[in-house]
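>
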Amino acid sequence: MPYNLNLAQRIREILGVRSGLIEKKMFGGVGFLINGNMSCGVLGNDLIVRVGPDRNVSALSQAFAMPFLAPGGKPMAGWVLVALEGLQNDQDLQRWVEQGNEYAQSLPEKK
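According to my numbering, the sequence shown is numbered sequentially starting from 3.
(1) Exposed or buried, what is Gly102 when buried is set at 16 or more other beta-carbons lying within 10 Å of its beta-carbon?
(2) Do Leu109 and Asn39 come within 9 Å of each other at the CB atom, strictly closer than that value?
(3) Specify whether the stretch 58-75 and the stretch 26-38 touch according to this definition: at least 3 beta carbon pairs, one from each stretch, less than 8 Å apart.
(4) Assess, as a yes-or-no matter, whether the stretch 67-75 is touched by the stretch 9-28 under the definition of 3 or more beta carbon pairs within less than 8 Å.
(5) By Cβ distance, which residues of its chain are closer than 6 Å to Ala79, with the 5 residues on each side in sequence left out?
(6) Mind reading off the beta-carbon distance from Leu83 to Leu49? Whole number of angstroms is fine, and I expect it under 8 Å.
(7) Do Ile16 and Val44 have their CB atoms nearer than 9 Å?
(8) What are the boundary residues of the alpha helix (DSSP H) that Val44 is part of?
(9) Using the three-state DSSP reduction, which class does Leu17 fall into: helix, strand or coil?
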């Protein structure tokens, strides 16, 4: 299934022009990387956000958030999917995108 182009565009508008930001097609969707570290992206109709292991439980307690499952069905700690239904207003989307950016910026730069 192709990824939600409208959701990707909304993320682009939130991110604007940021130092170290690149957009990359991956996993049949699109990812947004800060200094080589993925911060968020779109898979199908869902937002994927890298919140980090310390925020994993808190993030999953939010409405419309669910674990991101690796191949084989194992949840990946620090990564969450957010259903499109939970992203109807720009404030909710921005909150998630900024969480991903904060975590990505805290990581060492990848070359």
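Glycine included, each C-beta is placed from N, C-alpha and C at the ideal position.
Computed from a predicted structure; not experimentally measured.
Working from what's here:
(1) buried
(2) yes
(3) no
(4) Counting Cβ pairs under 8 Å, fewer than three are found: no touch.
(5) Contacts found: Pro55, Asn58.
(6) 7 Å
(7) No, the pair does not count as a contact, with Cβ atoms beyond the cut-off.
(8) Val44 -> not in any alpha helix (DSSP H); beta strand (DSSP E) instead, spanning 39-45.
(9) In the structure shown, Leu17 sits in a helix (DSSP, three-state: H, G or I).
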